[in-house]
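Residue numbers (the numbering used here): 1488 to 1808.
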Amino acid sequence: MAKAILEFEKVSKIYSPQVKALQDVFLKVNQGEFFCLIGPSGCGKTTLLKTVNRLIQPTTGKILVKGKEIEKWNPIELRRNIGYVIQQIGLFPHLTVEENIAYVLRTLGQKKEQRKQRAKTLIQLVGMDISYLKRLPKELSGGQQQRVGVARALAADPEIILMDEPFGALDQITREQLQDELFSLQKKLKKTIFFVTHDLREAVKLADRIGVMKQGVVHQVGSPNELLFSPKDQFVEEFLGSSGFFNVLQLLSVKEGMIAFDSLPKLTIANQNQPLELTPEVIKQAQNFTWNSVPVVNQNRFFQPKFNPILANSPWLGDSN
Ligand SMILES: Nc1ncnc2c1ncn2[C@@H]1O[C@H](COP(=O)(O)OP(=O)(O)OP(=O)(O)O)[C@@H](O)[C@H]1O
Ligand SMILES: [Mg+2]
């Protein structure tokens, strides 16, 4: 049984009768989990995140970190236990990279030599050379600044890291690269990451579980597969669909996908160039399905060819959509 490290119990944030940023949010994030919160702009993602490190005080409800209400935590201990990477990069422009990384350590009263040492370790952990430590943020690329942001959040070795669209400002290639690095870093350090994004592809790629928010409510929670294959209602379906279902399909591993994908035709091919075999069984299953082509797997991943000639020509599937 997974152990919850972060719990929201009926948390609301009411700014005015018209603006209910959070409405009775119930959510549990497990120890060591990569949890992504996704949803349309203005649905309350940042608000929910900021209630955790007490930047926002909820109107009602309880938040527990490691089973203890956050009001009962010593504020310094809480700050040490929760790293934070904000929406937009948010480094202190007048501080060097080293001072940025060590910022929390300074507020926690750690000695200068120790802070320097820690900054050295962390900058390398996020894949940068120690020579960057003396630079100012404006002397770094966007991707480098964001790495420093991640290093800063890790400084006090917190158990929980909150990340609010950390890669939103980056170009696609840098973004993908940092996603990959964060993914392996999390697997290595086994931190709990509570990550906000509105990019489904990013969420599917990174998350153990995803929470879909809708107008201040956590509307559905599940693994990427559960959400993609069993959306609770039209809202989830349309929200996920608008990001391009097939765009993210290839990110699912076959093993996980198959569990949720029981009712779908299963084709296995050795490689993409080999013709697909459409067995009568597959076609029978595909008839019950409304897509105009079926997902295909290779040994490791689902992939969805943009145009699948065999299926497109099939009398059952060619014209449906
Ligand atoms: N200080 C405030 N006073 C009044 N309303 C606010 C305040 N802060 C946020 N809101 C409102 O609360 C709602 C939720 O805002 P929030 O920033 O949590 O959205 P979000 O899901 O993070 O959106 P985005 O994806 O655009 O970052 C919005 O309607 C917003 O306008
Ligand atoms: Mg936000």
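We put the CB at the ideal spot given by N, CA and C, even for glycine.
Model, not experiment: these values are computed from the prediction.
(request) Return helix, strand or coil for isoleucine 1563, following the three-state DSSP convention. (result) helix
(message) Which residue marks the beginning of the alpha helix (DSSP H) containing tyrosine 1590, and which one marks its end?
(response) 1590–1594
(request) Could you name the residues of the same chain whose beta carbon sits closer than 7 Å to that of tryptophan 1778, not counting the 5 residues immediately before and after it, in chain order? (result) The predicted position of tryptophan 1778 is uncertain, since its pLDDT is 41 and thus under 50; a value taken from the coordinates is nonetheless stated next. Once the five neighbours on either side are set aside, tryptophan 1778 has no close Cβ partner at all.
(message) Could you pull the DSSP bridge partners for valine 1707 from this structure?
(response) Per the sequence presented here, residue 1707 reads as glutamine, with valine not at that position. Paired residue(s): Val1699.
(message) Please report the straight-line C-alpha distance between lysine 1497 and leucine 1514, rounded to a whole angstrom.
(response) 9 Å
(request) Select from Lys1532, Tyr1619, Tyr1502, Arg1541 the residue whose C-alpha is nearest the C-alpha of valine 1512. (result) Lys1532
(message) Here's a check: name, in chain order, each residue in its chain whose Cβ is nearer than 8 Å to the Cβ of glutamine 1721, leaving out the five neighbours to either side.
(response) none
(request) Identify which residue in Gly1703, Thr1679, Val1704, Val1705 has its Cα closest to the Cα of lysine 1553. (result) Thr1679
(request) Verify whether the separation of the beta carbon atoms of valine 1584 and valine 1635 is less than 8 Å. (result) yes
(message) For ligand 2, I want to know if aspartate 1651 counts as a neighbour, meaning its beta carbon is within less than 7 Å of at least one of the ligand's heavy atoms.
(response) yes
(request) May I have the straight-line CA-CA distance separating asparagine 1587 from asparagine 1517, to the nearest angstrom? (result) 29 Å
(request) Kindly indicate the opening and closing residues of the beta strand (DSSP E) around lysine 1549. (result) 1547–1552
(message) Using only Cβ atoms and a threshold of 5 Å, which residues come within that distance of a heavy atom of ligand 1? Order them by chain position.
(response) Tyr1502, Val1506, Ala1508, Ser1528, Gly1529, Cys1530, Gly1531, Lys1532, Thr1533, Thr1534
(request) For lysine 1559, count neighbouring C-beta atoms within 10 Å of its own C-beta (all shown protein chains included) and say buried if the count is 16 or more, exposed if not. (result) exposed
(request) State the start and end residues of the unbroken beta strand (DSSP E) segment that holds phenylalanine 1579. (result) Element bounds for phenylalanine 1579: n/a, residue is neither H nor E.
(message) Given this structure, state the Cα-to-Cα distance separating glutamate 1724 from proline 1718, to the nearest angstrom.
(response) 5 Å
(message) For proline 1562, count the other beta carbons within 10 Å of its own beta carbon; 16 or more makes it buried, fewer makes it exposed. Which is it?
(response) exposed
(request) With distances taken Cα to Cα, identify the nearest neighbour of isoleucine 1550 among Lys1621, Lys1598, Gln1632, Leu1493. (result) Leu1493
(request) For the region 1509–1545, list the alpha helix (DSSP H) runs that are entirely contained and at least 4 residues long, ordered along the chain. (result) 1532–1539
(message) Give the list of continuous alpha helix (DSSP H) stretches no shorter than 4 residues that lie fully inside the region 1583–1658.
(response) 1584–1588, 1590–1594, 1599–1612, 1629–1641
(message) For ligand 2, is there any heavy atom lying closer than 7 Å to the beta carbon of valine 1683?
(response) yes
(request) Mind checking who serine 1499 pairs with in its DSSP beta bridge? (result) Thr1547
(message) Quick check on the burial criterion: 16 or more other C-beta atoms within 10 angstroms. Buried or exposed for lysine 1490?
(response) exposed
(request) Out of Val1539, Ala1640, Asp1644, Gln1632, point me to the one whose CA is closest to alanine 1656's CA. (result) Gln1632
(message) Please state whether the Cβ-Cβ distance between leucine 1669 and valine 1637 is less than 8 Å.
(response) yes
(request) Can you have a look at glycine 1526 and say buried or exposed, based on whether 16 or more other CB atoms are within 10 angstroms of its CB? (result) buried
(request) Sort out for me which residues DSSP pairs valine 1683 with in a bridge. (result) Leu1524, Asp1651
(request) For the beta strand (DSSP E) holding valine 1572, just list the boundary residues, first then last. (result) 1569–1572
(request) Thinking leucine 1592 and alanine 1643 are a contact (beta carbons under 8 Å), I'd like their distance in whole angstroms, please. (result) 6 Å
(request) Could you check the C-alpha separation between valine 1506 and alanine 1589 for me, to the nearest Å? (result) 37 Å
(message) Can you give me the C-alpha to C-alpha distance between phenylalanine 1824 and phenylalanine 1681, rounded to a whole angstrom?
(response) There is simply no residue 1824 to check, as the chain begins at 1488 and stops at 1808 in what is shown.
(request) Within its chain, find whatever has a CB closer than 8 Å to the CB of glutamine 1611; leave out the 5 residues flanking it on each side and keep chain order. (result) Ile1617
(request) On the DSSP bridge assignment, give the partners of lysine 1507 in chain order. (result) Ile1501
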